[in-house]
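Under the working numbering, the first residue of the sequence shown is numbered -12, with each subsequent residue one higher.
In what follows, a single structure is set out as structure tokens and then discussed.
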Amino acid sequence: MPYSAKAAIDGSAVNSFAFLEKSARQRGKELALIQGEERYTYAQFRERSLAIGGNLLSMGCRRGDRVAFCLANSPRIMEVIFGCFAAGLVVVPVNARLHAREMAYIVSDSGAKVLVHGLEYQAGIVADAMLFEGVQRICIAPAEGTFPFDMLFDPAHALEQAVESAPEDICWLFYTSGTTGKPKGAMWNHRMVRCVIMNYLADLHNIQPGEVVLHCAPMSHGSGIVALPAVARGAVNAITDTVSFNVDQLLATVERLGVSHIAFMAPTQIIKMLDDYVPGRYDISSLQAICYGGAPIYVEQLRQAMETFGPVFVQLYGQGEAPITITGLTRSAHQRLLAAGDPRIGSAGQVRTDVEARCVGQDDKPLPSGEAGEVVVRGDVVMPGYWNNPEASAEALRGGWLHTGDIGYFDEEGYLFLLDRSKDMIISGGNNVYPREVEEVLIQHPDVVACVVFGIPDDYWGEAVHAVVVAAERGALAAEDVIGFCGQSLAGYKKPKSVDFVDALPVSGYGKVLRREIRDKYWHGRTNRIGGGAKEKSL
Ligand code: AMP
């Protein structure tokens, strides 16, 4: 693991623990972490993290070693993250909704020396014990073959202060969702963490000391990242205490704690919040900002959410390879664009202050405004590469730009319209069809609750546009209604050629609709694009 002694000497050394150190000094007696009855002040948070860091070192971890955690949302996640920072270790958050075997892949790929996990994983791990051989396991509750979590608080090994680190030292591996093959570990260094913190405060939401920031999405992902600027500003990170997303409990917590900011929500959570919202049941007037991102939200749903919850929404567009973020749509932009009936309310906003982004064609040459191509990015938010994967790193970072795999276009004023992941684009009869464009129309049908669009094999068209729809009531809609509705505002070749109805769409642990999983069923045994009119994907 590279460690630059020079950087430490010439004053450019930085360890992300410094953000906690400062808040503990300035606001030591103030609350830092809350979940249910569990509460820690900033002084306690600092002390517990230093103890965790020191005890991980005493277990044999050395600077740059990886420590994975797979935990339901709790203060322990924040303590392990800052414990790793303090000890110069690399934290590897794992989505707590993964299967034990999926977790094993990440643990093994990262070469983690220690895995901190919840009791709910014990049975799965024991069933596949050989996948976890050589990994020291720490379990939150007593379990055979594991060390107790409390062992990490042994004062005999606690650090007194964080170790020195250099800006380029890797401190975090963010595993991608793996929707296109096995997950890859995007490496983050301390410089990126600092960048993430400052950018969030400067461009997205300026969290204030003492403000209450609530987490209801997995903290191994976006929500845990938004917790970092909250720590840096000495705000309170409050965590809901149900494992699954519960709107009633969420809004009750907003009222009880005077929450001003919901750290991060996937669009599916916003939709659920709309569905389950009972006006007037709770006083949620303290809410100033709800950050969302990670997947598209359809304009119609965003409009309803803003009408119901007010002008509180902030959109982020980024990915593990360029976290928090590439572009953003601020609260005021949401308000202005909605009021003006401006279609840019459906965009992912403008490029953030210190980021460069553009859309490029197949030859990697920049495209003019309005032309769709792959979104590429450069700046300090971009990862230095994937863990132990030089080929994938070189491919993703070719020419000095991160290739996001997202297709979109910028309008004249630099608003980014995201169309789809390049691999999701449909080529029907030689025409490119972006599923999102069709979904945006479908969702406006009053009887459509959710939908997903993709291409299915077709001997004539190569791929035919197909929609899978969740209707408000079983039998309320027929395929012709759906197709006819699309025909009112879409070109003929974009209209679905067929429609299936289902009761619900599968979503990932991070709330993203699993379009690929649904699509794959239709492609069983048909991997090639064959038939009239089909051409190779141009992106
Ligand atoms: P992850 O690395 O798991 O955070 O996934 C990142 C991917 O999610 C991006 O490459 C996009 O495809 C998608 N994504 C993230 N933010 C947005 C957004 N605001 N709108 C649409 N898609 C998004």
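Virtual Cβ for every residue (Gly too), placed ideally from N, Cα, C.
Small disclaimer: the values here were computed from a predicted structure and weren't measured.
Backbone CA spacing between residue i and residue j [nearest angstrom]
i, j, result
"V494", "P142", "43 angstroms"
"N2", "V362", "31 angstroms"
"I443", "K484", "10 angstroms"
"A145", "P216", "25 angstroms"
"F136", "I194", "31 angstroms"
"L201", "G449", "47 angstroms"
"I64", "C346", "36 angstroms"
"T314", "Y373", "22 angstroms"
"F29", "Y285", "Residue identity check: residue 29 is Tyr in the sequence provided, not Phe. So the alpha carbons of these two residues sit roughly 39 angstroms apart."
"A97", "L477", "Note on identity: in this sequence residue 97 is Ser, with Ala being the wrong assignment. C-alpha separation (whole angstroms): 46 angstroms."
"D393", "H192", "25 angstroms"
"D507", "H453", "12 angstroms"
"K499", "T255", "7 angstroms"
"D156", "I277", "32 angstroms"
"K100", "A55", "8 angstroms"
"R323", "T317", "10 angstroms"
"V78", "S356", "40 angstroms"
"S(-1)", "E151", "Below a pLDDT of 50, predicted positions are generally treated as unreliable, and S(-1), at 46, falls in that range; the measurement from the model is reported next regardless. Distance between the alpha carbons of S(-1) and E151 is about 10 angstroms."
"F119", "Y92", "9 angstroms"
"A5", "G366", "23 angstroms"
"G245", "L18", "14 angstroms"
"Q109", "G305", "33 angstroms"
"E358", "Y396", "6 angstroms"
"H511", "M117", "32 angstroms"
"I68", "H104", "14 angstroms"
"K527", "Y447", "Here the chain has residues from -12 to 526 only, and residue 527 is not among them."
"G479", "L106", "53 angstroms"
"I470", "E426", "12 angstroms"
"I125", "G417", "54 angstroms"
"D487", "N419", "22 angstroms"
"P371", "V183", "14 angstroms"
"D490", "V435", "11 angstroms"
Cβ-heavy atom distance, residue i to the ligand AMP, below 8 angstroms
i, result
"S164", "yes"
"Q256", "no"
"H208", "yes"
"R53", "no"
"E426", "no"
"T133", "no"
"I284", "yes"
"K410", "no"
"E504", "no"
"A335", "yes"
"D393", "yes"
"K499", "yes"
"G303", "One point to set straight first is that residue 303 is Leu, not Gly, in the sequence displayed. Answer for L303: yes, Cβ within range of the ligand AMP."
"F251", "no"
"E308", "yes"
"F551", "Since the first and last residues shown for the chain are -12 and 526, residue 551 lies out of range."
"F441", "no"
"F300", "no"
"G386", "no"
"G280", "yes"
"F161", "yes"
Cross-strand partners of residue i (DSSP beta bridge)
i, result
"C57", "H104"
"V440", "A454"
"R345", "V363"
"D487", "V455"
"T314", "Y304 and V338"
"W159", "V78 and W175"
"P135", "C126"
Integer-rounded CB distance, given that residue j should sit under 8 angstroms from residue i
i, j, result
"R33", "A11", "4 angstroms"
"A74", "C48", "7 angstroms"
"N224", "Y497", "With 8 angstroms as the limit, N224 and Y497 do not qualify as a contact, their Cβ atoms being about 19 angstroms apart."
Beta carbon proximity, residue i to chain D, threshold 9 angstroms
i, result
"R53", "Judged by its chain identifiers, the structure shown contains no chain D, having just a single protein chain."
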